[in-house]
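Okay, structure first, notes after.
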Amino acid sequence: MNYWLQLKTVMLWEYHRFFKIKNELIGIVIMLVFFVIGFFGSSYAFKASQDKSPIHVAEGVDGELIELLSENFDVTILDDREQETFIAELPERKSGSLLTQEGATFEVHSWRNSGRIKELQSYLDEYRSGLAMREIDLPKESLQYVLKPATVKEVYYFTAGSRERRIMAIFFSGMMVMAVFISFAYQFTAITGEKQLRITEQIVSAIRPQVWMDGKILGITLTGFSSILIYTIISILGGIIYFQITGSPLSSVLAYLHLPSILLFLSFTVVGVLLWNSVLAAIASIITDPNNSVKSSLMILPSLFVGASFLLLLNPDNHVAVFLSWFPLFSASAMPMRFVVTDVAWWELMGSFIFLALAFYFIRKLAARIFHVSILINGNEPTWKDVFRMLKESK
């Protein structure tokens, strides 16, 4: 049996071993339930936030201010006796607000601070500004003229990628992290589980370690992308339903569908996931017991590297940003980020992608060698020093 036929056999076996459409559908149903709860819950909360908040105002407050507050508050005017009763009962009632005024000084009685109190402060500031303008006889037009910003004509010779392209780059970076996390869980289950059951030696006696490792990397990567694809389709359908409900035009979705950018982002994402799965497969090969191994914490590495790539949105042209867009562990997300915010030459895109693909090629070979020598180590979990020593001896 040649390499490619063996690779296909292992890859499909790993894929069908972990990807179960029934489990995916159950996960989708659970996700949809939470989505519906969150959608209607947020809609209810948003609707409630649009209602006028009740506020009690002392009868001595200026009528102009009361009229201003009535635009966004449900105002109730209290006389002196009602004010005393309101303040006395406030600690027990634990709700409501009372505004009093003595000249230019205001006093607010409330159970606790809230966003509505800050909103009230803005109206008081507006009222105070209008009062001060009348006191110094300053027309409103004169104040607007003084506060008018400078007129600046902006001429740019490079226009960064649109907001939609940036969102697409962030989307593919998030998709890569999700695919790696899903794959990493399966890597631990597959590789460490087989080592604990002592069946790895039997398998490797019938098939080369490189074929076995390549098949696992490809099969588990395919599993991760299959799960992501299903959730992506559900998200797209949910977005279409959202546009139908809100009445937004579906044509706005087309702004995100820029085919060259999608092909670029997808290419870097796929190879980036393969690279990280090779790295994580090498780590999983060393681990004897995933429940007690400190190496399990290395699973957060992909999210750290992808997170660092978001810094490129701030300054994509400095030396650090250029380095990150070329270094394979960063470039899968960093180069697409640079592409949407600055001018990137075609040879930079090609060179970064070639480096990324070469890194995957050599790391998968290193992962297979680590997997091969780790089988020979019995007892305690080997350290990195033990692994590198055996790698040198196995040459």
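Position one of the sequence shown corresponds to residue 1 (UniProt numbering), numbered consecutively onward.
All residues carry an ideal CB built from backbone N, CA and C; glycine is no exception.
This one's a predicted model, so the numbers in the text were calculated from it and none came from an experiment.
* Asked: Buried or exposed: where does Leu-263 fall if 16 or more other Cβ atoms within 10 Å of its Cβ makes it buried?
  -> exposed
* Between the beta-carbon of Gly-337 and the beta-carbon of Ala-169, is there less than 8 Å? -> Strictly speaking, residue 337 in this sequence is Met, with Gly absent from that position. Cβ atoms of Met-337 and Ala-169: closer than 8 Å.
* Who are the Cβ neighbours of Phe-19 in its own chain at under 7 Å, not counting the five residues just before and after it? -> Thr-223, Ser-226
* Do Ile-217 and Arg-364 have their C-beta atoms closer together than 8 Å? -> yes
* With distances taken Cα to Cα, identify the nearest neighbour of Ile-286 among Leu-366, Ser-267, Leu-304, Tyr-231. => Leu-366
* Please go through the same chain and pick out, in chain order, the residues whose beta-carbon is closer than 7 Å to the beta-carbon of Lys-140, but skip the five residues on each side of it. => Met-133
* To do: Name the one or two DSSP bridge partners that Val-108 has.
  => Leu-99
* Asked: According to DSSP, which residues form a beta bridge with Val-306?
  -> DSSP lists no partner for Val-306.
* Asked: Going by DSSP, what residues sit across from Ala-58 in a beta bridge?
  -> Leu-78
* Asked: Taking the continuous alpha helix (DSSP H) assigned at Asp-125, which residues delimit it?
  -> 115-135
* **Three or more C-beta pairs below 8 Å linking the segment 122-137 and the segment 63-78** => yes
* Asked: Alpha carbon to alpha carbon, how far is Ser-95 from Ile-241?
  -> 39 Å
* To do: For the segment 320-339 and the segment 226-239, state whether three or more C-beta atom pairs, one from each stretch, are separated by less than 8 Å.
  => no
* To do: Starting from Phe-86, follow its DSSP beta bridges and name the residues at the other end.
  => Its beta-bridge partners do not exist; DSSP assigns none.
* In terms of alpha-carbon separation, which member of Ser-309, Ile-136, Ala-332, Leu-304 lies closest to Val-273? -> Ala-332
* **Coil, strand or helix - Ser-70 by DSSP** => coil
* To do: Just tell me which of Ser-374, Phe-327, Trp-212 has its CA closest to the CA of Leu-5.
  => Trp-212
* Asked: Should the segment 113-122 be called in touch with the segment 86-101, which here means at least 3 C-beta pairs below 8 Å?
  -> yes
* Asked: Since Ser-53 sits in a beta bridge, which residues does DSSP pair it with?
  -> Phe-73
* **Top-ranked residue by Cα proximity to Leu-339, from Gln-83, Ala-282, Ile-37, Phe-310** => The question names Leu, but residue 339 in the sequence shown is Phe. Of the listed residues, the one whose Cα sits closest to Phe-339 is Phe-310.
* To do: Pick out whichever of Pro-328, Asn-318, Arg-369 has its Cα sitting closest to the Cα of Asp-343.
  => Asn-318
* In whole angstroms, what is the alpha-carbon distance linking Gly-27 and Ile-21? -> 10 Å
* Would you report the Cα separation of Ile-354 and Val-29, rounded to the nearest angstrom? -> 40 Å
* Measure the CB-CB distance between residue 401 and Val-306 and report whether it falls below 8 Å. => No answer is possible for residue 401: the residues shown for the chain start at 1 and end at 395.
* Asked: Are the beta-carbon atoms belonging to Leu-143 and Trp-111 less than 8 Å from one another?
  -> no
* To do: Could you give the DSSP three-state label for Ile-208: helix, strand or coil?
  => The question names Ile, yet the displayed sequence has Arg at residue 208. Of the three classes helix, strand and coil, the one that applies to Arg-208 here is coil, per DSSP.
* Are Ile-182 and Ala-282 closer than 8 Å when you measure CB to CB? -> no
* By how many angstroms is the C-alpha of Leu-275 removed from the C-alpha of Ile-233? -> 25 Å
* Asked: When the Cα atoms are used, what is the spatial distance from Leu-358 to Gly-239?
  -> 37 Å
* Asked: Does the beta carbon of Leu-349 fall short of 7 Å from some heavy atom of the ligand NAP?
  -> Looking for the ligand NAP in the displayed structure turns up nothing, as the structure carries no ligands at all.
* Can you name the start and end residues of the alpha helix (DSSP H) that Lys-365 belongs to? -> 346-375
* Excluding the 5 residues preceding and the 5 following Leu-329 in the sequence, name in chain order all residues of the same chain whose CB lies nearer than 7 Å to its CB. => Phe-305
* Would Lys-153 count as contacting chain C if we go by Cβ distances under 8 Å? -> Here there is only one protein chain, and chain C is not present.
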